[in-house]
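Asks: Residues in the sequence shown are numbered from 5 upward in steps of one, following this note's numbering.
Backbone N, C-alpha and C define an ideal beta-carbon position, used for all residues, glycine too.
None of these values were measured; they are calculated from a predicted model.
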Amino acid sequence: MRLTMLRVFALTLAFILMDATNREGPVGFVDLPHLLALHPLHGMLDDYDRAILALRRTQTISGLEDPAARAQNGAAAAQRESVAAQGRIERIPASDAGADPAWERSAFAEVLSSQHGADRSLNAYRSELARETEANLRGFAAGIAARNQRALAARRQQLLENELALGFDLARRDAAERLTLRVRLTNLYLDGAARAKLQAELSEIERHHGAAVAAMRRDNEAALAAYARQLQSQGTAADSAMSAQLRSKAAANLALRFRVLQAESNAVDALPNLPARLDWFASTYRFTTDAAAIIAGLRTARVDLSQRFAQIAAVDRTSRTQTNAQIEQLQKNRQELYRSMTAQIVRAAQELAAQRHLRGVSFSGSRPQGSVDLTGALATKLKLI
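Quick look at the structure:
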């Protein structure tokens, strides 16, 4: 963007110099970068640069390079693992299924011989379940906090852009009036009252600009604080809901495990004819049906994971598109401001050159030999110093 703007400006200056060579007399010289640095709107150029840089940095967060591609890779990996698991189940020979009833017999025998192991198993399961629940809650809370930070940063950037736009609009709207007042103040024959009146009008314009931007900034700060409270409230509610859900599921799982262990420990009383029941279990064991159910579950999980990863990728693409659009708009606004500042300096320089009967003005980086330096006079004329 800057390279294109410099090329356009260089072409404009070339036309000015070509016109200057067709007339007689010395050439004026203006140090354009120096005057641009003194311009009262130069700070807005820096503000635009900082805003653009801040938005660009949100596109290259360490550890989050191309989330859409990573989500797609994750979906592909999950699908490959699911297909591989399905293949392993399908490759299990039917003869291996005969080992399951024997394993069931061994498990029931172990239950009968070690009734006291149920308490140890339940305690270990309770501790592991608590650790997993707390780990899931911490991960969820961290995700909510990160989401809130991103949303708050985006809203803060949006409000800052509104402040910059307001300052630019006010400055552009009153630029002609301010310039007129400054030119009138250069009149050496003004009496004190007239000069004070003009200076008061100029100060009132500046005060009005500052007050308008300050008022918007206060409103923005209040809106940002309210938005932060809203995000915090939503995050707290989400954490509470997730905590209640996970703890409820953990309690249900623990209760189920307790009932299973209790049933195992009381297997002798609950199943007085255990050998006969095991024989019946063996006769009703259907490996093919169970394998088909597992395969169907894997397919369902594969489709669900693919959809979730696709949603993540779509959200990331939308966010990047919106950020690029904001950067492009800021660049356009900055370019328009730069052109306006440059055009003001060029017009004033040409008027000053005409008043001094110079045959043109050079805005090149180096001062031409024999040229008249108009930089200081132009800075005074434009009230830049």
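1. Where does residue 366 sit, in a helix, a strand or coil, going by DSSP?
2. Please name the residue in 35, 166, 148, 362 whose C-alpha comes closest to that of residue 382.
3. Apart from the five residues on each side of it in sequence, which residues of its chain come closer than 7 angstroms, Cβ to Cβ, to residue 354?
4. Mark residue 346 as exposed unless 16 or more other C-beta atoms lie within 10 angstroms of its C-beta, in which case mark it buried.
5. Return the first residue and the last residue of the alpha helix (DSSP H) that residue 187 is part of.
6. Suppose the cutoff is 6 angstroms on Cβ atoms and the five residues either side in sequence are ignored; what does the same chain contact list for residue 150 look like?
7. Between residue 158 and the rest of its own chain, which residues show a CB-CB distance below 6 angstroms, the 5 nearest in sequence each way excluded?
8. Taking 9 angstroms as the threshold (C-beta atoms), are residue 141 and residue 250 in contact?
9. In the structure shown, what three-state DSSP assignment does residue 319 receive?
10. Apply the 10 Å Cβ neighbour rule to residue 195 and answer buried if 16 or more other Cβ atoms are within range, or exposed otherwise.
11. Strictly by DSSP, which residues pair up with residue 376?
12. Can you say whether residue 57 is buried or exposed, counting buried as having 16 or more other CB atoms within 10 angstroms of its CB?
13. Using 10 angstroms around the beta-carbon of residue 193, count the other beta-carbons present and answer buried if the total reaches 16, otherwise exposed.
14. Here's the rule I'm using: 16 or more other beta-carbon atoms within 10 Å means buried, otherwise exposed. How should residue 338 be labelled?
15. Let me confirm a value: residue 218 is counted as buried when at least 16 other C-beta atoms fall within 10 Å, else exposed. Which label applies?
16. Which value, in whole angstroms, describes the spacing of the CA atoms of residue 385 and residue 54?
17. Do you know how far the Cα of residue 47 is from the Cα of residue 372?
18. So residue 1 packs on residue 334, CB below 8 angstroms; how close in whole Å?
19. Do residue 224 and residue 152 have their beta-carbon atoms positioned less than 9 angstroms apart in this structure?
20. Establish whether the CB of residue 345 and some CB of chain B are separated by less than 9 angstroms.
21. Report buried or exposed for residue 87, applying the criterion of at least 16 other Cβ atoms within 10 angstroms of its Cβ.
22. Would you mind working out which of 209, 200, 191, 198 sits nearest residue 180, comparing C-alpha positions?
23. Please identify the residue among 376, 360, 359, 348 whose C-alpha is closest to the C-alpha of residue 387.
24. In terms of residues, what are the limits of the alpha helix (DSSP H) holding residue 46?
25. In chain order, what residues of the same chain have a beta carbon less than 6 angstroms from the beta carbon of residue 168, not counting five sequence neighbours either side?
26. What does the alpha-carbon distance come out to for the pair residue 136 and residue 254?
27. Here's a check: name, in chain order, each residue in its chain whose Cβ is nearer than 7 angstroms to the Cβ of residue 220, leaving out the five neighbours to either side.
28. With distances taken between CB atoms, is the gap from residue 356 to residue 33 smaller than 9 angstroms?
29. Which same chain residues end up closer than 7 angstroms to residue 330 when comparing Cβ atoms and leaving out the 5 residues on each side of it in sequence?
30. Looking only at its own chain, which residues have a Cβ that is under 7 angstroms from the Cβ of residue 62, when we skip the five neighbours before and after it?
31. Contact defined as beta carbons within less than 8 angstroms: I believe residue 231 pairs with residue 156. What is the distance between those atoms, to the nearest angstrom?
32. In whole angstroms, give me the CA-to-CA distance for residue 243 and residue 235.
33. When the distance is taken between beta carbons, is residue 45 closer than 9 angstroms to residue 341?
34. For residue 261, which residues in the same chain have their Cβ closer than 7 angstroms to its Cβ, ignoring the five residues on either side in sequence?
Replies: By the coordinates alone:
1. Residue 366 sits at position 362 when you count from the first residue of the sequence shown. The answer is strand: DSSP assigns residue 366 an E or B state.
2. To locate residue 382, count along the sequence shown from 1; it is residue 378. The alpha carbon of residue 382 has as its nearest neighbour, out of 35, 166, 148, 362, the alpha carbon of 35.
3. In the sequence shown, residue 354 corresponds to position 350, counting from 1. Within the same chain, residue 354 has close Cβ partners 365.
4. One-based indexing of the sequence shown puts residue 346 at position 342. Buried, because 16 or more other Cβ atoms sit within 10 Å of the Cβ of residue 346.
5. Here residue 187 refers to the residue found at position 183 of the sequence shown. Per DSSP, residue 187 belongs to the alpha helix (DSSP H) from 179 to 189.
6. Position 146 of the sequence shown, counted from the start, is the residue given in the question as residue 150. Closer than 6 angstroms at the Cβ level, and outside the excluded window around residue 150, lies no residue.
7. Residue mapping note: residue 158 aligns to position 154 of the sequence shown, counting from 1. Excluding residues within five positions, none has a Cβ falling inside 6 angstroms.
8. For this step, residue 250 is matched to residue 246 along the sequence shown. For this step, residue 141 is matched to residue 137 along the sequence shown. Closer than 9 angstroms, so yes.
9. Position 315 of the sequence shown, counted from the first residue, corresponds to residue 319. Here residue 319 sits in helix by DSSP.
10. Taking the sequence shown and counting its residues from 1, the one referred to as residue 195 is at position 191. Result: exposed.
11. Numbered from its first residue, the sequence shown carries residue 376 at position 372. Note: residue 376 sits in a beta bridge opposite 32.
12. Here residue 57 refers to the residue found at position 53 when the sequence shown is read from its first residue. Label assigned to residue 57: exposed.
13. The residue labelled residue 193 in the question sits at position 189 within the sequence shown. Exposed, by the Cβ-count rule.
14. Translated into the one-based positions of the sequence shown, residue 338 becomes position 334. Buried.
15. The count along the sequence shown starts at 1 and reaches residue 218 at position 214. Looking at its Cβ environment, which holds fewer than 16 other Cβ atoms inside 10 Å, residue 218 is exposed.
16. Translated into positions along the sequence shown, residue 385 becomes position 381. Translated into positions along the sequence shown, residue 54 becomes position 50. Answer to the nearest angstrom: the Cα atoms are 30 angstroms apart.
17. Locating residue 372 in the sequence shown gives position 368, where the first residue counts as 1. Locating residue 47 in the sequence shown gives position 43, where the first residue counts as 1. Going from the Cα of residue 372 to the Cα of residue 47 covers about 30 angstroms.
18. With the chain running from 5 to 389 in the structure shown, residue 1 is simply not present.
19. Position 148 of the sequence shown, counted from the start, is the residue given in the question as residue 152. Position 220 of the sequence shown, counted from the start, is the residue given in the question as residue 224. No Cβ-Cβ contact shorter than 9 angstroms links residue 152 with residue 224.
20. In the displayed structure, chain B is absent; only one protein chain is listed.
21. Here residue 87 refers to the residue found at position 83 when the sequence shown is read from its first residue. Result: exposed.
22. On the sequence shown, position 176 is the one that residue 180 refers to. The candidate whose alpha carbon is nearest that of residue 180 is 209.
23. Along the sequence shown, one-based indexing puts residue 387 at 383. Selected option, being the one with the closest Cα: 348.
24. Here residue 46 corresponds to residue number 42 of the sequence shown, with the count starting at 1. Per DSSP, residue 46 belongs to the alpha helix (DSSP H) from 46 to 62.
25. Translated into positions along the sequence shown, residue 168 becomes position 164. 51.
26. Residue numbering aside, residue 136 sits at position 132 when the sequence shown is read from its first letter. Residue numbering aside, residue 254 sits at position 250 when the sequence shown is read from its first letter. Looking at the two C-alpha atoms, the distance is approximately 9 angstroms.
27. Working through the sequence shown from its first residue, we reach residue 220 at position 216. Only 166, 167, 170 meet the Cβ criterion.
28. As a first step, residue 356 must be located in the sequence shown, where it is residue number 352. As a first step, residue 33 must be located in the sequence shown, where it is residue number 29. Cβ distance not < 9 angstroms, so residue 356 and residue 33 don't count as in contact.
29. On the sequence shown, position 326 is the one that residue 330 refers to. Correct list, in chain order: 59.
30. Along the sequence shown, read from residue 1 onward, the residue named residue 62 stands at position 58. Result list for residue 62: 327, in chain order.
31. In the sequence shown, the residue the question calls residue 231 occupies position 227. In the sequence shown, the residue the question calls residue 156 occupies position 152. Contact flag correct, Cβ pair sits at about 7 angstroms.
32. As a first step, residue 243 must be located in the sequence shown, where it is residue number 239. As a first step, residue 235 must be located in the sequence shown, where it is residue number 231. Straight-line Cα distance between these residues: approximately 12 angstroms.
33. Against the sequence shown, residue 341 aligns to sequence position 337. Against the sequence shown, residue 45 aligns to sequence position 41. Yes, the pair counts as a contact, with Cβ atoms nearer than the cut-off.
34. One-based indexing of the sequence shown puts residue 261 at position 257. The answer, listed in chain order, is 126, 129.
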